[in-house]
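Number 255 marks the last residue of the sequence shown (the working numbering); no jumps.
All C-beta atoms in this analysis are idealised placements derived from N, C-alpha and C, irrespective of residue type, glycine included.
Structure first, commentary second.
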Amino acid sequence: MTVGKLEGRVALITGASRGIGREIGRLFAENGADVCLNYLKSRDDADSLAEQCRAYGVRATVMQADVSQVEPAKALVEKTLADFGKIDILVNNAGVLTQALVQDMSVETWDAMIASDLRSVFLCTRFALPSMIERRYGRIINVASQLGQKGAPELGHYCAAKAGVIGFTKALAREVGEYNITANCVAPGPIDTDMVAGISESWKDMKRKELPIPRFGRVEEVAPAALLLAADPDGTIFTGQTLGPNSGDVMF
Ligand code: NAP
4 MTVGKLEGRV
14 ALITGASRGI
24 GREIGRLFAE
34 NGADVCLNYL
44 KSRDDADSLA
54 EQCRAYGVRA
64 TVMQADVSQV
74 EPAKALVEKT
84 LADFGKIDIL
94 VNNAGVLTQA
104 LVQDMSVETW
114 DAMIASDLRS
124 VFLCTRFALP
134 SMIERRYGRI
144 INVASQLGQK
154 GAPELGHYCA
164 AKAGVIGFTK
174 ALAREVGEYN
184 ITANCVAPGP
194 IDTDMVAGIS
204 ESWKDMKRKE
214 LPIPRFGRVE
224 EVAPAALLLA
234 ADPDGTIFTG
244 QTLGPNSGDV
254 MF
């Protein structure tokens, strides 16, 4: 039998097929949460994670949805509520990364980034929130980025989206605290995932040299921050915060 910090909880995790979201899904399941694992394109990866989660003795479903779009995001939340009866924990993790100098950036590139990395956070939160308010319980965890705190060349759209996530989370925290709902960010530094694999070598070299701990992190070094924010009483009085598993790239 699984005995963990999230026993009896239901978690919806967006972008759970790969990378950081995948490890958050696995760790939450290992800690006893039933999980709905959202994906966009990587069905096989989502299925294999669901199987791994079920081996911990919890319920796990997978659902394809483009969370940057209204109807799919709404359907994802509604299906999770229908399957599990509640959503205790929402992890808004799905995101993409592209690179362009602002002077060269197309409006389409800007809009696509804001949709994937910021609008998605609003949409899933907006649709999940009424049921959390009704039940007087919720843990909302938004995966931002340290680049939303410090900026980075060629990532103006990404930095704007992630700074928006941090600002949105603080505003949300002020709105929903009275309902026993917390809203926090995890803002990782560079982490070895497929996302980073796509960045140019020159950028990665530049980045490593900036880091007090001069290496990129691993997903196993990020997911515990999400667990802290999701678990009671560990995370109960964190709200509006931005936790930074970031190799020291940003310090507050
Ligand atoms: P990743 O390995 O590329 O995985 C991205 C995940 O997001 C995949 O599961 C992907 O699903 C999903 N996804 C993307 N767009 C989606 C959409 N519109 N709807 C639903 N799912 C979508 O990336 P990662 O490194 O784990 O990043 C996860 C989060 O951490 C992102 O928000 C990212 O900005 C943030 N972050 C990452 C780093 C880093 O260095 N890696 C640093 C700071 C912050 P499919 O595979 O199914 O398409």
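Go through its chain and collect everything with a Cβ distance to residue i's Cβ below 7 Å, but skip five positions before and after it.
i: Ser45; result: Ser20 and Arg21
i: Phe241; result: Thr185, Asn187 and Leu232
i: Leu9; result: Phe31, Asn34, Gly35, Ala36, Ala233 and Ala234
i: Met66; result: Cys39, Asn41, Leu79 and Lys82
i: Asn249; result: Gln149, Ala190, Pro191 and Gly192
i: Phe125; result: Phe171
On the CB-based measure, 16 or more other CB atoms within 10 Å of its CB, does residue i come out buried or exposed?
i: Asp197; result: exposed
i: Lys212; result: exposed
i: Gly251; result: exposed
i: Asp107; result: exposed
i: Pro215; result: exposed
i: Glu54; result: exposed
i: Arg29; result: buried
i: Ser148; result: buried
i: Arg12; result: buried
i: Gly7; result: buried
i: Arg129; result: exposed
Could you compute how far the alpha carbon of residue i sits from the alpha carbon of residue j?
i: Thr5; j: Asn34; result: Unreliable positioning characterises Thr5 in this predicted model, as indicated by a pLDDT of 45, which lies under 50. The coordinate reading is nonetheless provided below. So the two alpha carbons sit approximately 7 Å from each other.
i: Arg62; j: Val105; result: 44 Å
i: Ile92; j: Glu111; result: 32 Å
i: Leu158; j: Pro75; result: 27 Å
i: Ile194; j: Phe219; result: 5 Å
i: Gln72; j: Ala118; result: 8 Å
i: Ile169; j: Ala68; result: 23 Å
i: Leu43; j: Val80; result: 15 Å
i: Trp258; j: Gly60; result: Since the first and last residues shown for the chain are 4 and 255, residue 258 lies out of range.
i: Asp237; j: Pro227; result: 11 Å
i: Val199; j: Thr239; result: 32 Å
i: Leu56; j: Asp50; result: Here residue 56 is Cys; the residue named in the question, Leu, does not match the sequence. Rounded to whole angstroms, Cys56 to Asp50 spans 10 Å at the Cα level.
i: Pro156; j: Glu204; result: 14 Å
i: Arg177; j: Phe255; result: 21 Å
i: Val253; j: Met209; result: 15 Å
i: Ala229; j: Thr245; result: 11 Å
i: Cys127; j: Gly201; result: 27 Å
i: Lys77; j: Thr64; result: 16 Å
i: Ser123; j: Asp47; result: 23 Å
i: Pro133; j: Arg25; result: 26 Å
i: Thr172; j: Gly88; result: 25 Å
i: Gly154; j: Ala115; result: 19 Å
i: Ile27; j: Pro217; result: 24 Å
i: Ala103; j: Ala58; result: 42 Å
i: Gln152; j: Val179; result: 24 Å
i: Gly167; j: Leu52; result: 30 Å
Do residue i and residue j have their CB atoms nearer than 9 Å?
i: Leu121; j: Ala163; result: yes
i: Thr83; j: Leu15; result: yes
i: Gly243; j: Gly192; result: no
i: Leu175; j: Ile143; result: yes
i: Thr17; j: Val99; result: no
Ordered along the chain, which non-local residues of its own chain (more than five positions away) have a Cβ less than 6 Å from that of residue i?
i: Ala131; result: Val80, Ile90 and Leu93
i: Trp113; result: His160
i: Met86; result: Per the sequence presented here, residue 86 reads as Asp, with Met not at that position. Here the set comprises Thr64.
i: Met135; result: Gly141 and Ile184
Leaving aside the five residues before and after residue i along the sequence, list all residues of the same chain whose C-beta is less than 8 Å from its C-beta, in chain order.
i: Ile23; result: Asn96, Val146, Pro191, Ile194, Thr196, Val222, Val225 and Ala226
i: Leu150; result: Leu158, Tyr161, Cys162 and Lys165
- request: Indicate whether the contact test is met: 3 or more Cβ pairs, each with one atom in the region 174-187 and one in the region 122-141, closer than 8 Å.
  value: yes
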